[in-house]
Amino acid sequence: PPTVSTVSPPSHWILLYTEDFSTPLNGAVAPWVWDGSSDAFDTILDDDGLWYQNDYGPDWTTARRSFTTYRKEFPVGQDGWLTASLSARDWDRDGVIEAPPSITTEQQGLAHVAVLHVPDHTGGAIFRSTDPLPAEYRIEYTLKTIDFGGKRHGAIEYDGRINGYGTEGCKTQHPWGEGSNSPGWTGDASVPVCEWQDVRAGPFGYNGFHFLAIVDFADPVPRNNHFWHYHRKVLMDAFSQHPDRVGEDTGGRVCNAATNQYYNYRDSSFNTVNMWISGLPNWTPGPGGLVANSQWFMTSCAGGIAEQQLSSAAELQPELMPHQVYTFAIERNGAGYTLEASGNFARVGQKTLRFHRPFIVDNVPIWHYNGAADEYDGRFNTDLVQQDAYGTMTWPNQWPAGSAYPDYFVIGDLYTNAYEGRASLTDIRLYVRKVPAWGKRTPTAPRQR
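Note that this note's numbering numbers the sequence shown so that position 338 is 338, with each residue one more than the last.
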(Lines of atoms letter the chains of each structure in order from A and count residues from 1; the text may use other names and numbers.)
(Lines give C-alpha, C1' and ligand atoms only; values in the text may rest on other atoms or scores of the structure.)
Protein backbone atom coordinates (compact mmCIF):
# COMPACT_ATOMS: atom_id res chain seq x y z
CA PRO A 1 0.00 0.00 0.00
CA PRO A 2 1.03 3.67 -0.21
CA THR A 3 3.16 4.74 2.70
CA VAL A 4 4.63 7.73 4.44
CA SER A 5 8.18 6.37 4.39
CA THR A 6 11.38 7.26 6.11
CA VAL A 7 14.38 8.74 4.37
CA SER A 8 16.19 6.10 2.31
CA PRO A 9 19.58 5.34 3.92
CA PRO A 10 22.48 6.78 1.94
CA SER A 11 24.05 3.30 1.93
CA HIS A 12 21.39 2.21 -0.57
CA TRP A 13 22.79 4.46 -3.27
CA ILE A 14 25.91 5.18 -5.31
CA LEU A 15 26.40 8.72 -6.59
CA LEU A 16 26.70 8.54 -10.39
CA TYR A 17 26.63 12.23 -11.37
CA THR A 18 26.57 15.56 -9.54
CA GLU A 19 26.50 19.17 -10.75
CA ASP A 20 27.22 22.16 -8.48
CA PHE A 21 27.42 24.81 -11.27
CA SER A 22 30.87 26.00 -10.21
CA THR A 23 31.77 25.92 -13.92
CA PRO A 24 30.03 28.63 -15.99
CA LEU A 25 27.50 27.37 -18.53
CA ASN A 26 27.94 27.96 -22.24
CA GLY A 27 24.37 29.04 -22.86
CA ALA A 28 25.42 32.46 -24.14
CA VAL A 29 27.22 30.93 -27.11
CA ALA A 30 24.61 28.29 -27.92
CA PRO A 31 22.44 29.49 -30.82
CA TRP A 32 18.71 30.03 -30.90
CA VAL A 33 17.30 27.72 -33.58
CA TRP A 34 13.98 28.18 -35.36
CA ASP A 35 11.53 25.45 -34.37
CA GLY A 36 9.38 24.29 -37.24
CA SER A 37 7.63 21.68 -35.04
CA SER A 38 9.18 18.92 -37.15
CA ASP A 39 10.23 17.08 -33.98
CA ALA A 40 6.71 16.71 -32.55
CA PHE A 41 6.46 13.85 -30.07
CA ASP A 42 2.81 13.16 -30.78
CA THR A 43 -0.02 14.51 -32.94
CA ILE A 44 -2.45 15.03 -30.06
CA LEU A 45 -1.56 18.07 -27.95
CA ASP A 46 1.91 18.91 -29.19
CA ASP A 47 2.34 22.50 -30.33
CA ASP A 48 0.75 21.72 -33.71
CA GLY A 49 -1.54 19.07 -32.27
CA LEU A 50 -4.56 17.84 -34.21
CA TRP A 51 -6.68 18.17 -31.06
CA TYR A 52 -6.54 21.96 -31.34
CA GLN A 53 -7.26 21.90 -35.07
CA ASN A 54 -10.27 19.63 -34.61
CA ASP A 55 -11.64 21.77 -31.78
CA TYR A 56 -11.04 25.32 -33.08
CA GLY A 57 -10.89 24.89 -36.84
CA PRO A 58 -8.92 26.96 -39.39
CA ASP A 59 -8.84 30.04 -37.13
CA TRP A 60 -6.61 28.15 -34.74
CA THR A 61 -4.06 27.45 -37.45
CA THR A 62 -4.01 31.17 -38.25
CA ALA A 63 -3.41 31.99 -34.58
CA ARG A 64 -0.70 29.34 -34.32
CA ARG A 65 1.12 30.71 -37.37
CA SER A 66 1.00 34.31 -36.14
CA PHE A 67 4.34 33.87 -34.34
CA THR A 68 7.42 31.67 -34.51
CA THR A 69 9.16 29.66 -31.82
CA TYR A 70 12.89 29.38 -31.24
CA ARG A 71 14.68 26.81 -29.11
CA LYS A 72 18.12 26.58 -27.55
CA GLU A 73 19.84 23.60 -25.95
CA PHE A 74 23.29 22.90 -24.54
CA PRO A 75 24.91 20.12 -22.50
CA VAL A 76 25.72 20.56 -18.83
CA GLY A 77 27.96 18.59 -16.49
CA GLN A 78 30.18 15.55 -16.72
CA ASP A 79 29.54 13.55 -19.92
CA GLY A 80 26.79 16.08 -20.70
CA TRP A 81 24.48 14.12 -18.39
CA LEU A 82 22.23 17.19 -18.08
CA THR A 83 20.69 19.22 -20.88
CA ALA A 84 19.54 22.82 -20.54
CA SER A 85 16.57 23.45 -22.84
CA LEU A 86 14.92 26.79 -23.55
CA SER A 87 12.04 28.02 -25.70
CA ALA A 88 11.17 31.57 -26.76
CA ARG A 89 8.56 33.29 -28.90
CA ASP A 90 9.14 35.73 -31.75
CA TRP A 91 5.81 37.55 -31.78
CA ASP A 92 6.13 39.41 -35.08
CA ARG A 93 8.19 36.81 -36.97
CA ASP A 94 11.06 39.20 -37.66
CA GLY A 95 13.75 36.88 -36.31
CA VAL A 96 14.16 38.83 -33.04
CA ILE A 97 13.06 37.25 -29.76
CA GLU A 98 11.38 39.93 -27.69
CA ALA A 99 11.96 38.42 -24.21
CA PRO A 100 14.46 35.53 -24.34
CA PRO A 101 14.67 33.26 -21.29
CA SER A 102 18.07 32.22 -19.95
CA ILE A 103 19.86 29.64 -17.82
CA THR A 104 23.06 31.03 -16.34
CA THR A 105 25.31 30.57 -13.31
CA GLU A 106 26.17 32.96 -10.52
CA GLN A 107 27.71 32.89 -7.07
CA GLN A 108 25.21 33.08 -4.22
CA GLY A 109 26.99 33.37 -0.92
CA LEU A 110 29.58 30.60 -0.78
CA ALA A 111 27.77 28.44 -3.33
CA HIS A 112 27.32 28.55 -7.07
CA VAL A 113 23.84 28.25 -8.51
CA ALA A 114 22.08 27.91 -11.83
CA VAL A 115 19.55 30.67 -12.45
CA LEU A 116 16.48 29.94 -14.58
CA HIS A 117 15.01 33.25 -15.74
CA VAL A 118 11.81 33.38 -17.80
CA PRO A 119 10.86 37.06 -18.28
CA ASP A 120 7.72 36.32 -20.30
CA HIS A 121 5.07 33.61 -19.95
CA THR A 122 5.62 32.51 -23.57
CA GLY A 123 9.16 31.35 -22.76
CA GLY A 124 10.33 28.19 -21.04
CA ALA A 125 13.52 27.01 -19.33
CA ILE A 126 14.28 23.55 -17.96
CA PHE A 127 16.99 21.13 -16.96
CA ARG A 128 16.43 17.54 -18.05
CA SER A 129 18.27 14.25 -18.04
CA THR A 130 20.06 13.85 -21.36
CA ASP A 131 19.68 10.06 -21.35
CA PRO A 132 16.98 7.79 -19.95
CA LEU A 133 17.23 7.26 -16.23
CA PRO A 134 18.27 3.87 -14.84
CA ALA A 135 15.64 1.33 -13.81
CA GLU A 136 16.31 2.27 -10.17
CA TYR A 137 17.53 5.72 -9.23
CA ARG A 138 17.34 8.74 -6.97
CA ILE A 139 17.43 12.23 -8.50
CA GLU A 140 17.67 15.21 -6.13
CA TYR A 141 18.66 18.87 -6.02
CA THR A 142 18.56 21.95 -3.79
CA LEU A 143 16.28 24.89 -4.58
CA LYS A 144 17.90 28.13 -3.41
CA THR A 145 15.30 30.74 -4.47
CA ILE A 146 11.91 30.71 -6.17
CA ASP A 147 9.92 33.59 -7.65
CA PHE A 148 7.23 32.10 -9.88
CA GLY A 149 4.17 33.56 -8.22
CA GLY A 150 2.52 33.28 -4.84
CA LYS A 151 2.24 35.98 -2.20
CA ARG A 152 5.12 37.84 -0.59
CA HIS A 153 4.55 39.17 2.91
CA GLY A 154 0.82 38.61 2.41
CA ALA A 155 0.46 40.43 -0.93
CA ILE A 156 -0.16 38.92 -4.38
CA GLU A 157 1.14 42.14 -5.98
CA TYR A 158 4.76 42.94 -5.18
CA ASP A 159 7.86 44.37 -6.89
CA GLY A 160 5.72 45.79 -9.68
CA ARG A 161 4.31 42.38 -10.60
CA ILE A 162 1.03 40.49 -10.19
CA ASN A 163 1.41 36.91 -8.95
CA GLY A 164 4.93 36.96 -10.37
CA TYR A 165 3.90 38.24 -13.82
CA GLY A 166 4.98 41.54 -15.31
CA THR A 167 2.24 44.14 -15.67
CA GLU A 168 3.01 45.21 -19.23
CA GLY A 169 0.70 43.97 -21.97
CA CYS A 170 -1.59 40.98 -21.63
CA LYS A 171 -0.72 37.45 -20.52
CA THR A 172 -2.95 34.81 -22.08
CA GLN A 173 -2.84 31.13 -23.09
CA HIS A 174 -2.90 32.05 -26.80
CA PRO A 175 -2.98 29.94 -28.92
CA TRP A 176 -3.35 26.86 -26.70
CA GLY A 177 -6.55 27.53 -24.80
CA GLU A 178 -8.29 25.26 -22.33
CA GLY A 179 -10.77 24.21 -25.01
CA SER A 180 -13.50 26.01 -26.94
CA ASN A 181 -16.11 25.01 -24.35
CA SER A 182 -14.14 26.17 -21.29
CA PRO A 183 -14.97 29.28 -19.24
CA GLY A 184 -12.97 32.49 -19.15
CA TRP A 185 -13.30 33.43 -22.83
CA THR A 186 -15.51 33.07 -25.92
CA GLY A 187 -13.89 29.87 -27.19
CA ASP A 188 -13.38 31.53 -30.57
CA ALA A 189 -9.81 31.14 -31.89
CA SER A 190 -10.18 34.16 -34.16
CA VAL A 191 -10.28 36.65 -31.27
CA PRO A 192 -7.22 38.86 -30.59
CA VAL A 193 -4.42 37.58 -28.38
CA CYS A 194 -5.60 39.54 -25.34
CA GLU A 195 -9.08 37.99 -25.46
CA TRP A 196 -7.84 34.45 -24.82
CA GLN A 197 -7.83 33.08 -21.26
CA ASP A 198 -5.82 35.35 -18.96
CA VAL A 199 -3.13 33.61 -16.88
CA ARG A 200 -2.09 36.67 -14.86
CA ALA A 201 -5.47 37.21 -13.20
CA GLY A 202 -9.10 36.25 -13.62
CA PRO A 203 -10.71 32.78 -13.41
CA PHE A 204 -7.71 31.12 -15.11
CA GLY A 205 -5.02 33.17 -13.38
CA TYR A 206 -2.13 31.14 -12.05
CA ASN A 207 1.66 30.91 -12.04
CA GLY A 208 3.83 27.94 -11.20
CA PHE A 209 6.99 25.89 -11.40
CA HIS A 210 7.88 22.22 -11.73
CA PHE A 211 10.14 21.45 -8.81
CA LEU A 212 10.79 17.96 -10.21
CA ALA A 213 8.85 15.72 -12.58
CA ILE A 214 9.28 12.40 -14.36
CA VAL A 215 7.98 12.31 -17.94
CA ASP A 216 7.33 9.52 -20.42
CA PHE A 217 9.27 10.54 -23.53
CA ALA A 218 12.82 11.31 -24.64
CA ASP A 219 14.36 14.75 -25.08
CA PRO A 220 11.63 16.82 -23.40
CA VAL A 221 11.57 20.53 -24.26
CA PRO A 222 9.27 23.37 -23.13
CA ARG A 223 5.88 23.13 -24.85
CA ASN A 224 2.30 24.27 -24.28
CA ASN A 225 0.87 23.36 -20.88
CA HIS A 226 -1.86 20.99 -22.13
CA PHE A 227 0.73 18.78 -23.85
CA TRP A 228 2.35 18.16 -20.47
CA HIS A 229 -0.95 17.13 -18.89
CA TYR A 230 -0.70 13.91 -20.92
CA HIS A 231 3.00 13.10 -20.43
CA ARG A 232 3.89 13.34 -16.74
CA LYS A 233 4.21 10.26 -14.53
CA VAL A 234 4.93 11.71 -11.09
CA LEU A 235 5.79 15.25 -10.05
CA MET A 236 6.15 17.94 -7.44
CA ASP A 237 5.10 21.42 -8.48
CA ALA A 238 3.90 24.86 -7.45
CA PHE A 239 0.45 25.91 -8.63
CA SER A 240 0.14 29.52 -7.49
CA GLN A 241 -3.44 30.55 -8.15
CA HIS A 242 -4.52 34.16 -8.39
CA PRO A 243 -7.21 35.13 -5.85
CA ASP A 244 -9.59 35.66 -8.80
CA ARG A 245 -9.30 31.97 -9.61
CA VAL A 246 -9.93 30.96 -6.01
CA GLY A 247 -12.92 33.30 -5.76
CA GLU A 248 -15.40 32.29 -3.05
CA ASP A 249 -14.12 28.71 -3.14
CA THR A 250 -11.37 27.15 -1.01
CA GLY A 251 -8.83 26.90 -3.84
CA GLY A 252 -8.11 23.36 -2.67
CA ARG A 253 -6.56 22.37 0.63
CA VAL A 254 -3.12 22.36 2.25
CA CYS A 255 -1.87 19.83 4.77
CA ASN A 256 -0.35 21.01 8.02
CA ALA A 257 2.14 18.19 8.46
CA ALA A 258 2.67 19.11 12.12
CA THR A 259 -0.97 18.44 13.03
CA ASN A 260 -2.07 16.35 10.02
CA GLN A 261 -5.02 18.69 9.58
CA TYR A 262 -5.98 20.43 6.34
CA TYR A 263 -6.56 24.15 5.93
CA ASN A 264 -7.93 26.01 2.91
CA TYR A 265 -5.57 27.08 0.16
CA ARG A 266 -7.14 30.55 0.25
CA ASP A 267 -5.73 30.91 3.80
CA SER A 268 -2.19 30.09 2.64
CA SER A 269 0.51 32.25 1.05
CA PHE A 270 -0.18 30.53 -2.32
CA ASN A 271 3.36 29.08 -2.23
CA THR A 272 2.38 25.45 -1.79
CA VAL A 273 4.04 22.20 -2.86
CA ASN A 274 1.94 19.56 -4.62
CA MET A 275 3.28 16.00 -4.53
CA TRP A 276 1.29 13.85 -6.91
CA ILE A 277 0.96 11.18 -9.55
CA SER A 278 -0.77 11.11 -12.94
CA GLY A 279 -3.42 8.42 -13.33
CA LEU A 280 -5.45 7.34 -16.34
CA PRO A 281 -6.80 10.10 -18.61
CA ASN A 282 -10.33 10.92 -19.67
CA TRP A 283 -10.34 8.79 -22.83
CA THR A 284 -13.36 10.49 -24.42
CA PRO A 285 -13.56 14.17 -23.45
CA GLY A 286 -16.69 16.02 -24.46
CA PRO A 287 -16.80 18.52 -27.35
CA GLY A 288 -14.70 21.59 -26.66
CA GLY A 289 -12.75 19.83 -23.91
CA LEU A 290 -9.19 18.53 -23.56
CA VAL A 291 -7.65 15.18 -22.76
CA ALA A 292 -5.66 15.13 -19.52
CA ASN A 293 -4.50 12.59 -16.99
CA SER A 294 -6.31 12.31 -13.68
CA GLN A 295 -4.38 13.85 -10.79
CA TRP A 296 -3.82 12.11 -7.43
CA PHE A 297 -2.26 14.08 -4.56
CA MET A 298 -0.30 12.73 -1.59
CA THR A 299 -0.06 14.36 1.85
CA SER A 300 0.71 13.28 5.38
CA CYS A 301 -2.86 14.30 6.29
CA ALA A 302 -4.06 11.36 4.18
CA GLY A 303 -1.34 9.01 5.39
CA GLY A 304 0.42 9.24 2.04
CA ILE A 305 -2.54 7.76 0.15
CA ALA A 306 -2.97 9.46 -3.21
CA GLU A 307 -6.37 11.15 -3.42
CA GLN A 308 -8.13 12.67 -6.42
CA GLN A 309 -8.58 16.07 -4.81
CA LEU A 310 -6.32 19.11 -5.12
CA SER A 311 -4.26 18.87 -1.93
CA SER A 312 -0.89 20.47 -1.23
CA ALA A 313 1.57 18.63 0.99
CA ALA A 314 3.24 21.74 2.41
CA GLU A 315 3.78 25.47 2.06
CA LEU A 316 7.12 27.03 1.13
CA GLN A 317 8.45 30.27 2.66
CA PRO A 318 10.19 32.09 -0.23
CA GLU A 319 10.88 35.13 1.95
CA LEU A 320 13.37 33.02 3.96
CA MET A 321 15.37 31.96 0.90
CA PRO A 322 18.28 31.58 0.17
CA HIS A 323 19.18 31.45 3.87
CA GLN A 324 16.67 28.61 4.09
CA VAL A 325 16.62 26.15 1.18
CA TYR A 326 14.49 23.23 0.01
CA THR A 327 15.54 19.85 -1.34
CA PHE A 328 13.43 17.82 -3.77
CA ALA A 329 14.00 14.19 -4.73
CA ILE A 330 12.30 11.37 -6.63
CA GLU A 331 13.25 7.71 -6.38
CA ARG A 332 12.19 4.74 -8.47
CA ASN A 333 12.61 1.08 -7.60
CA GLY A 334 11.00 -2.13 -8.77
CA ALA A 335 7.80 -1.45 -6.83
CA GLY A 336 7.01 2.21 -7.40
CA TYR A 337 8.03 5.84 -7.00
CA THR A 338 8.94 7.83 -3.88
CA LEU A 339 8.54 11.62 -3.77
CA GLU A 340 10.45 13.64 -1.18
CA ALA A 341 10.56 17.32 -0.16
CA SER A 342 12.60 18.76 2.71
CA GLY A 343 12.86 22.21 4.23
CA ASN A 344 11.42 24.78 6.61
CA PHE A 345 7.71 24.71 5.77
CA ALA A 346 5.17 27.30 6.95
CA ARG A 347 3.23 26.27 10.10
CA VAL A 348 5.40 23.16 10.36
CA GLY A 349 9.10 24.02 10.58
CA GLN A 350 11.94 21.83 9.36
CA LYS A 351 10.62 18.55 8.03
CA THR A 352 11.12 15.88 5.37
CA LEU A 353 7.96 14.78 3.58
CA ARG A 354 8.37 11.44 1.83
CA PHE A 355 5.65 9.40 0.13
CA HIS A 356 5.93 6.09 -1.67
CA ARG A 357 3.33 5.11 -4.29
CA PRO A 358 3.34 1.63 -5.87
CA PHE A 359 2.89 1.49 -9.62
CA ILE A 360 -0.71 0.24 -9.24
CA VAL A 361 -3.05 0.71 -6.27
CA ASP A 362 -6.71 -0.40 -6.39
CA ASN A 363 -6.52 -0.64 -10.18
CA VAL A 364 -5.28 2.97 -10.43
CA PRO A 365 -1.89 2.98 -12.17
CA ILE A 366 0.79 5.61 -12.37
CA TRP A 367 0.59 6.71 -16.00
CA HIS A 368 3.10 4.96 -18.28
CA TYR A 369 5.07 3.74 -15.28
CA ASN A 370 6.76 0.95 -17.23
CA GLY A 371 10.25 1.87 -18.31
CA ALA A 372 10.58 -1.57 -19.89
CA ALA A 373 8.07 -3.72 -21.75
CA ASP A 374 8.24 -6.60 -19.26
CA GLU A 375 6.99 -4.37 -16.41
CA TYR A 376 3.45 -4.10 -17.82
CA ASP A 377 0.88 -6.48 -19.32
CA GLY A 378 -1.32 -4.12 -21.34
CA ARG A 379 -4.29 -4.13 -18.96
CA PHE A 380 -4.90 -0.36 -19.16
CA ASN A 381 -4.66 0.01 -22.92
CA THR A 382 -7.46 2.04 -24.56
CA ASP A 383 -8.05 4.24 -27.57
CA LEU A 384 -8.20 8.01 -27.19
CA VAL A 385 -11.22 9.47 -29.00
CA GLN A 386 -11.96 13.09 -29.94
CA GLN A 387 -15.29 14.24 -31.33
CA ASP A 388 -15.28 17.95 -32.02
CA ALA A 389 -16.87 20.52 -34.30
CA TYR A 390 -14.08 20.50 -36.88
CA GLY A 391 -13.00 16.88 -36.76
CA THR A 392 -13.23 13.44 -35.22
CA MET A 393 -10.10 11.46 -34.44
CA THR A 394 -9.10 8.19 -32.79
CA TRP A 395 -5.60 7.59 -31.51
CA PRO A 396 -5.45 3.82 -30.93
CA ASN A 397 -3.50 1.87 -28.32
CA GLN A 398 -2.40 4.56 -25.93
CA TRP A 399 -0.81 2.06 -23.53
CA PRO A 400 -0.45 -1.34 -25.22
CA ALA A 401 1.30 -4.48 -24.06
CA GLY A 402 4.89 -4.43 -25.24
CA SER A 403 5.20 -0.65 -24.84
CA ALA A 404 7.97 0.99 -22.83
CA TYR A 405 8.33 4.54 -21.49
CA PRO A 406 11.81 5.15 -20.02
CA ASP A 407 11.97 7.87 -17.38
CA TYR A 408 13.36 11.36 -17.97
CA PHE A 409 13.35 14.05 -15.29
CA VAL A 410 12.63 17.74 -15.80
CA ILE A 411 13.05 20.78 -13.53
CA GLY A 412 11.80 24.29 -14.24
CA ASP A 413 9.23 26.12 -16.34
CA LEU A 414 7.88 23.65 -18.90
CA TYR A 415 5.03 25.79 -20.24
CA THR A 416 5.16 28.15 -23.22
CA ASN A 417 1.74 29.73 -22.63
CA ALA A 418 1.88 30.21 -18.84
CA TYR A 419 4.37 30.64 -15.97
CA GLU A 420 6.85 33.47 -15.60
CA GLY A 421 9.60 34.23 -13.11
CA ARG A 422 13.02 33.35 -11.79
CA ALA A 423 14.48 30.52 -9.69
CA SER A 424 17.94 29.37 -8.63
CA LEU A 425 19.12 25.88 -7.75
CA THR A 426 22.23 23.80 -7.21
CA ASP A 427 23.59 20.32 -6.44
CA ILE A 428 21.63 18.22 -8.93
CA ARG A 429 22.59 14.64 -8.13
CA LEU A 430 21.81 11.27 -9.71
CA TYR A 431 22.21 8.13 -7.63
CA VAL A 432 21.89 4.50 -8.71
CA ARG A 433 21.12 1.50 -6.55
CA LYS A 434 24.11 0.04 -4.74
CA VAL A 435 25.11 -3.55 -5.56
CA PRO A 436 24.18 -5.77 -2.57
CA ALA A 437 26.87 -7.91 -1.02
CA TRP A 438 25.37 -11.03 -2.62
CA GLY A 439 25.56 -9.36 -6.03
CA LYS A 440 22.02 -10.02 -7.24
CA ARG A 441 21.37 -6.44 -8.31
CA THR A 442 23.56 -4.19 -10.39
CA PRO A 443 23.17 -0.47 -11.02
CA THR A 444 22.12 0.48 -14.52
CA ALA A 445 23.97 3.56 -15.72
CA PRO A 446 22.53 5.89 -18.36
CA ARG A 447 23.62 5.11 -21.90
CA GLN A 448 26.29 7.36 -23.33
CA ARG A 449 25.68 9.16 -26.61
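The beta carbon of each residue, even a glycine, is placed where N, CA and C say it ideally should be.
| query | What do you get for A401, buried or exposed, if any count of 16 or more other CB atoms within 10 angstroms of its CB means buried? | reply | Here residue 401 refers to the residue found at position 401 when the sequence shown is read from its first residue. With fewer than 16 Cβ atoms within 10 Å of its Cβ, A401 is classed as exposed.
| Could you give the distance in angstroms between the alpha-carbon of D90 and the alpha-carbon of N207? | Numbered from 1 along the sequence shown, position 90 holds the residue referred to as residue 90. Numbered from 1 along the sequence shown, position 207 holds the residue referred to as residue 207. For D90 and N207, the distance between alpha carbons rounds to 22 Å.
| said: Excluding the 5 residues flanking A437 on each side, which residues of the same chain have their C-beta closer than 7 Å to its C-beta? | reply: Start at 1 with the first residue of the sequence shown, and residue 437 comes out as number 437. Since pLDDT at A437 reaches only 47, below the 50 mark, its modelled position is unreliable, and no value is offered.
| Nearest-angstrom Cβ-Cβ length linking L425 and V193, presumed shorter than 8 Å | Position 425 of the sequence shown, counting from 1, holds the residue named residue 425. Position 193 of the sequence shown, counting from 1, holds the residue named residue 193. Going by Cβ atoms, the distance from L425 to V193 rounds to 32 Å, so no, they are not a contact pair.
| message | Once the 5 residues before and after D383 are set aside, which same chain residues still bring their CB inside 8 Å of it? | response | Numbered from its first residue, the sequence shown carries residue 383 at position 383. Excluding positions up to five away in sequence, the list reads W283, T394, W395, P396, N397 and Q398.
| By a C-beta neighbour count over all protein chains shown, 10 Å radius and 16 as the cutoff for buried, is L212 buried or exposed? | Mapped onto the sequence shown, residue 212 falls at position 212. Buried: at least 16 other Cβ atoms inside 10 Å.
| said: Among the candidates G150, K72, S403 and G371, whose CA atom is the shortest distance from the CA of N381? | reply: Numbered from its first residue, the sequence shown carries residue 381 at position 381. Closest in alpha carbon position to N381, among G150, K72, S403 and G371, is S403.
| query | Is it true that the CB of D47 sits closer than 7 Å to the CB of R466? | reply | Because the chain spans 1 through 449 in this model, residue 466 falls outside it and cannot be assessed.
| query | Of the residues G49, Y262, A423 and G421, which one's Cα is nearest the Cα of Y230? | reply | Taking the first residue of the sequence shown as position 1, residue 230 is located at position 230. Ranked by how close their Cα comes to the Cα of Y230, the residues G49, Y262, A423 and G421 have G49 in first place.
| Looking only at C-alpha atoms, which of R245, A306, Q387 and F67 sits nearest to P365? | For this step, residue 365 is matched to residue 365 along the sequence shown. Comparing alpha carbon positions, the residue from R245, A306, Q387 and F67 closest to P365 is A306.
| message | Looking at the secondary structure, which residues open and close the beta strand (DSSP E) in which V273 lies? | response | The count along the sequence shown starts at 1 and reaches residue 273 at position 273. Membership of V273 in the beta strand (DSSP E) is indicated by the continuous run T272 to P281.
| message | Below 8 Å on the Cβ atoms is my contact criterion, and I expect L45 with D413 to pass it. Report the Cβ-Cβ distance as a whole number of Å. | response | Numbered from its first residue, the sequence shown carries residue 45 at position 45. Numbered from its first residue, the sequence shown carries residue 413 at position 413. Distance from L45 to D413 at the Cβ level is roughly 18 Å; contact not present, criterion being Cβ atoms closer than 8 Å.
| query | Anyone know if the C-beta pair for L110 and E19 falls short of 7 Å? | reply | Locating residue 110 in the sequence shown gives position 110, counting from the first residue. Locating residue 19 in the sequence shown gives position 19, counting from the first residue. Judged by beta-carbon spacing, E19 lies beyond the 7 Å limit of L110, meaning their Cβ atoms are not closer than that value.
| Proximity winner among D198, Y419 and Y431, relative to G164 (alpha-carbon distances) | Working through the sequence shown from its first residue, we reach residue 164 at position 164. Of D198, Y419 and Y431, the residue nearest in Cα terms is Y419.
| query | Skipping 5 residues on each side, what residues in its chain have a beta carbon closer than 6 Å to that of S342? | reply | By 1-based counting over the sequence shown, the position of residue 342 is 342. If we look at S342 and ignore the five residues flanking it on each side, its Cβ neighbours are T327 and T352.
| What number of angstroms, rounded off, separates the C-alpha of T392 from the C-alpha of Y376? | Here residue 392 refers to the residue found at position 392 when the sequence shown is read from its first residue. Here residue 376 refers to the residue found at position 376 when the sequence shown is read from its first residue. Using only the alpha carbons, I get a separation of about 30 Å.
| Cβ-based neighbour list, E73, same chain, cut-off 8 Å, excluding 5 preceding and 5 following | Translated into positions along the sequence shown, residue 73 becomes position 73. Sequence-distant Cβ neighbours of E73 in its own chain, meaning closer than 8 Å and more than five residues away, are A30, T83, A84, S85, L86 and V221.
| Buried or exposed by the 16-neighbour rule on C-beta atoms within 10 Å, applied to P287 | Start at 1 with the first residue of the sequence shown, and residue 287 comes out as number 287. That one is exposed.
| message | Quick check: what's the CA-CA separation for T130 versus Y141? | response | Here residue 130 is taken as the residue at index 130 of the sequence shown, counted from 1. Here residue 141 is taken as the residue at index 141 of the sequence shown, counted from 1. In this model, T130 and Y141 are separated by some 16 Å (Cα to Cα).
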